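Participant: In the working numbering, the protein residues as written are 3 to 200.
Right, I'll just put the structure down here and ask away after.
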Ligand SMILES: [Zn+2]
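Structure follows, in structure tokens:
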């Protein structure tokens with residue numbers, strides 16, 4: 003995990019916004035939201051490693067909005083404080099705002115943006131990916147990267163599950179021009195990921 007390269011995603015619609023993988027410091031997010039005059043409506047996490055959720059519980063408390071994560075990753079939240087210590091970032095407090103559970107299936111964000119939540123266990127037990135069919139954008143978390151796959155040696159990791167998750171993703175045959183935002187590093191296109199697996 004190299005949190006300096008974690009990719010967070012801010013989705014906006016008018017004055018409303020949603021954060022995916024609220025990494026980093028709470029006050030930086032506050033400054034960003036204030037400077038862009040955005041209302042925060044919700045926070046979603048691809049998985050429970052601290053470099054993807056470090057700001058989520060506190061932002062949820064400050065803005066009184068829900069944050070969503072598959073609860074199979076709940077045990078990872080406080081485990082991850084050792085990584086935040088390493089990066090000299092504020093710890094998540096023991097009485098952190100609990101996430102709402104996140105299940106595979108279709109939903110909408112910000113009123114009218116279709117979003118599909120795709121179960122993606124392997125890198126962690128509760129990992130998910132987010133797919134936006136109208137925009138052909140996939141937020142992959144740490145399941146796959148531009149040049150590889152997620153590690154499976156952290157708590158909740160399972161190499162067989164990761165393999166199946168990637169097989170299932172390939173079976174979906176998302177459009178070649180789907181833009182993929184990975185949990186770390188450079189973005190990529192689905193056609194390049196398919197080349198590696200099909
Ligand atoms: Zn991770």
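Glycine is no exception: its CB is placed at the ideal position from the N, C-alpha and C atoms.
Since we're looking at a predicted model, the values are computed, not measured.
#1: In whole angstroms, give me the CA-to-CA distance for residue 16 and residue 44.
#2: Give me the Cα-Cα distance between residue 176 and residue 159, rounded to the nearest whole angstrom.
#3: Could you tell me if residue 4 is buried or exposed, where buried requires 16 or more neighbouring beta carbons within 10 angstroms of its beta carbon?
#4: Would you check if there are 3 or more beta carbon pairs closer than 8 angstroms linking the stretch 53-65 to the stretch 110-117?
#5: Taking any heavy atom of ligand 1 as the mark, which residues have a C-beta closer than 5 angstroms to it, listed down the chain?
#6: For residue 178, which residues of its own chain have a beta-carbon under 6 angstroms away from its beta-carbon, when the five flanking residues on both sides are left out?
#7: Among 94, 33, 90, which has the Cα closest to the Cα of residue 203?
#8: Any contact between the stretch 81-101 and the stretch 59-69? By contact I mean 3 or more CB pairs, one from each, below 8 angstroms.
#9: Report the rounded CA-to-CA distance for residue 37 versus residue 31, giving the unit in angstroms.
#10: What ranges does the alpha helix (DSSP H) occupy inside the stretch 28-106, keeping only unbroken runs of at least 4 residues that lie completely in it?
#11: Report the option in 188, 187, 185, 169 whose CA atom is closest to the CA atom of residue 197.
#12: With a threshold of 7 angstroms on Cβ separation, who are the neighbours of residue 200 within its own chain once the five nearest residues in sequence on each side are excluded?
#13: So what's residue 145 in DSSP terms, helix, strand or just coil?
#14: For residue 48 and residue 165, what's the separation of their Cα atoms in angstroms?
Facilitator: Taking the geometry as given:
#1: 15 angstroms
#2: 25 angstroms
#3: Caution is warranted here: a pLDDT of 44 is assigned to residue 4, below 50, making its placement in the model unreliable, and the coordinate value is therefore given only provisionally. By the neighbour-count rule (16 or more Cβ atoms within 10 Å), residue 4 is not buried but exposed.
#4: The stretch 53-65 vs the stretch 110-117: no contact.
#5: 51, 144
#6: 192, 193
#7: What the structure shows of the chain is the stretch from 3 to 200, and residue 203 is not part of that stretch, so it cannot be assessed.
#8: yes
#9: 10 angstroms
#10: 28-37, 52-55, 58-65, 78-81, 83-88
#11: Of 188, 187, 185, 169, the residue nearest in Cα terms is 169.
#12: Non-local beta-carbon contacts of residue 200 in its own chain, meaning distances under 7 angstroms to residues more than five positions away in sequence, involve 172 in chain order.
#13: Residue 145: coil per DSSP, three-state reduction.
#14: Approximately 17 angstroms between the Cα atoms of the pair.
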